[in-house]
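Novice: Quick note: the sequence shown uses the numbering used here, first residue 263, plus one each step.
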Amino acid sequence: MTVRTVIRSRSGWMASSQGTVDFIVEQMALAGTVSARKMFGEYGIYCDGKMVALVCDDRLFVKPTYDGRAFVGACDEAPPYPAAKPHLVIGGDRWDDREWLSTLIRITAAQLPVPMKRSR
Numbered sequence: 263m264t265v266r267t268v269i270r271s272r273s274g275w276m277a278s279s280q281g282t283v284d285f286i287v288e289q290m291a292l293a294g295t296v297s298a299r300k301m302f303g304e305y306g307i308y309c310d311g312k313m314v315a316l317v318c319d320d321r322l323f324v325k326p327t328y329d330g331r332a333f334v335g336a337c338d339e340a341p342p343y344p345a346a347k348p349h350l351v352i353g354g355d356r357w358d359d360r361e362w363l364s365t366l367i368r369i370t371a372a373q374l375p376v377p378m379k380r381s382r
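(1) Compare the C-alpha of A332 against each of T365, G281, T282 and R360 and name the closest.
(2) Report the option in R368, R360 and M313 whose CA atom is closest to the CA atom of M378.
(3) Kindly list the residues whose CB is nearer than 6 Å to the CB of D338, restricted to its own chain and excluding five residues on each side of it in sequence; keep chain order.
(4) How would you write the range of the beta strand (DSSP E) that A315 sits in, first residue to last?
(5) Does the beta carbon of L363 come closer than 8 Å to any beta carbon on chain B?
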């Protein structure tokens, strides 16, 4: 599978495709237990139970951490959706490098806190 081209509609960006998300999750598999959950038409990416990234408009946004930024080097940052904090924007050219992407996700997950369980 190759990186897909983002398509613009008249109303703005198209929602992320399931194929793009499946490809990204597959490429991150060396990082641990990686999964995606649909959220408001886009996707949250989880590694070992921690949300580490978002796929919005077929773009990959990784949560910024100190070590993650150091690993990536120079990188664009942008909010994945309006009013969100900036995330690292990982270009599609990096998605094909499974080891690099898995290492970034492993580094990011290691620096994020364990999510608190919510009582229902």
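From the three backbone atoms N, C-alpha and C, an ideal C-beta is built for every residue, glycine too. Given the structure is predicted, the values throughout are model-derived calculations rather than measurements.
Specialist: A quick look at the data gives this:
(1) Minimum Cα distance to A332 is reached at T365.
(2) When the alpha-carbon of M378 is set against those of R368, R360 and M313, the nearest one is in M313.
(3) The residues are V351.
(4) Start and end: K312 to C318.
(5) The structure shown has no chain B; it contains just one protein chain.
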